[in-house]
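Asker: Provided herewith is a single structure, encoded as structure tokens, for subsequent inquiry.
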Amino acid sequence: MTVDQSARVGVLLREWRLRRRHSQLDLALRADTSTRHLSCVETGRARPSRAMVLRLAEALDVPLRERNALLLAADYAPAYQESGLDDAGMAQIRAALDMMLTAHEPYPAVVVDRWWNVVTGNGAMSLLLAGVPPQLLTPRPNVYRLTLHPDGLIGRLANATEVRALVLERLLRQVRTTGDEQLRALYEEVCRYPVPTEPETVRAGDDPAARPGPIQVPLRIRVPGGELSLFSTMATFGAPADVTLSELAIELFYPLDEFTAEALRAAAAGR
């Protein structure tokens, strides 16, 4: 291993430590090493063992994809495989996803990857995507583009300004915690979309639908005959050992009122 390679992995580890806002002492304690050795690793004066790279990555909660990158920078083989979701070895994962999506009907549910690209969804998602133009659905839909693009969902939201602020804050937080350049590019793109304007008559203090509730910013979607009010939860796989699996998340939507629940049941019956 060359000095340049030692320095390269050290620089990456230091970037992750600063991103997590840990001091060298904090990280050394978490990874059961000394601050002197950690300093030597970060400056390229010491070569970390494979086990040390993995210990430091675990202590820093580095995603599996970036753990492989750290190992490669240290001249070690990757520790985690990256399978295609269509691979034979992922059959049980596909079955589990299909079961979750089907069981969640008549409520919407969608599976996304690390960059918020839609992998698959259930039939109830069609109600949320009604009217979205084809260019936002191909080659692969992206949740943030579907939500914030002027031709996307935002034009049907009764609380568009609130939703925009919430999802942008969530995406920015993910950019800062991962350092992912593709996510950063997505954030910069959707930030440039026009800010929605809402009718002056609709204010949080005047709008009956905006009364305080258990969810700070529900998804309020205008539909013929009324307004759907939804909240969502995120589910991930526990203890993944595959890069692809570690980057999948399932967003499950639930109704906040009986009108929404009945509208979703009726839409499912119509399908």
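Numbering (the numbering used here), first residue to last: -16 to 254.
By construction, the Cβ of each residue, glycine as well, lies at the ideal position given by its N, Cα and C atoms.
If you're wondering where the values come from, they're calculated on a predicted model, not measured in any experiment.
With a Cβ-Cβ cutoff of 8 Å, do Ser66 and Thr219 count as a contact?
Answerer: Taking 8 Å as the Cβ cut-off, Ser66 and Thr219 do not qualify as a contacting pair.
Asker: Following the continuous alpha helix (DSSP H) through Tyr59, name the residue where it begins and the one where it ends.
Answerer: Per DSSP, Tyr59 belongs to no alpha helix (DSSP H) and is neither H nor E.
Asker: Helix, strand or coil for Asn51, going by three-state DSSP, please let me know.
Answerer: The answer is helix: DSSP assigns Asn51 an H, G or I state.
Asker: So, with DSSP's three-state summary, where would you put Ile137?
Answerer: DSSP places Ile137 in helix when its eight states are reduced to three.
Asker: Starting from the Cα of Ala56, find the closest Cα among Arg33, Pro238, Gly114 and give me that residue.
Answerer: Comparing Cα positions, the closest option is Arg33.
Asker: Given this structure, state the Cα-to-Cα distance separating Leu53 from Ala40, to the nearest angstrom.
Answerer: Approximately 8 Å, taken between the alpha carbons.
Asker: Checking 8 Å against the spacing of the C-beta atoms, do Pro238 and Tyr90 come in under that value?
Answerer: Yes, these two residues count as a Cβ contact at 8 Å.
Asker: Would you tell me roughly how many angstroms separate the C-alpha atoms of Arg2 and Gly208, rounded to the nearest one?
Answerer: Between Arg2 and Gly208, the C-alpha separation is close to 48 Å.
Asker: Measure the C-alpha to C-alpha separation of Glu230 and Leu154 and round it to an integer number of angstroms.
Answerer: Rounded to whole angstroms, Glu230 to Leu154 spans 15 Å at the Cα level.
Asker: Rounded to whole angstroms, what is the Cα-Cα separation between Tyr59 and Ala(-10)?
Answerer: Those two C-alpha atoms are separated by around 14 Å.
Asker: Suppose you measure from the CA of Met35 to the CA of Thr160; what does that come to, to the nearest Å?
Answerer: Roughly 22 Å separates the two Cα atoms.
Asker: Under the three-state reduction of DSSP, which class applies to Gly67: helix, strand or coil?
Answerer: Here Gly67 sits in coil by DSSP.
Asker: Out of Thr243, Met217, Leu247, which has the shortest C-alpha to C-alpha gap to Val94?
Answerer: Answer by Cα proximity: Met217.
Asker: With DSSP collapsed to three states, give me the class of Leu247.
Answerer: Here Leu247 sits in helix by DSSP.
Asker: Just how far apart, CA to CA, sit Val185 and Ser212?
Answerer: Note on Val185: pLDDT 45, under 50, position unreliable in the model; the coordinate value appears next. Val185 and Ser212: Cα-Cα distance of roughly 16 Å.
Asker: CB-CB under 7 Å to Gly(-7), same chain, minus the five flanking residues each way: which ones, in chain order?
Answerer: Only Val24, Glu25, Thr26, Gly27 meet the Cβ criterion.
Asker: State the start and end residues of the unbroken beta strand (DSSP E) segment that holds Ser212.
Answerer: Here the beta strand (DSSP E) through Ser212 covers 209 to 218.
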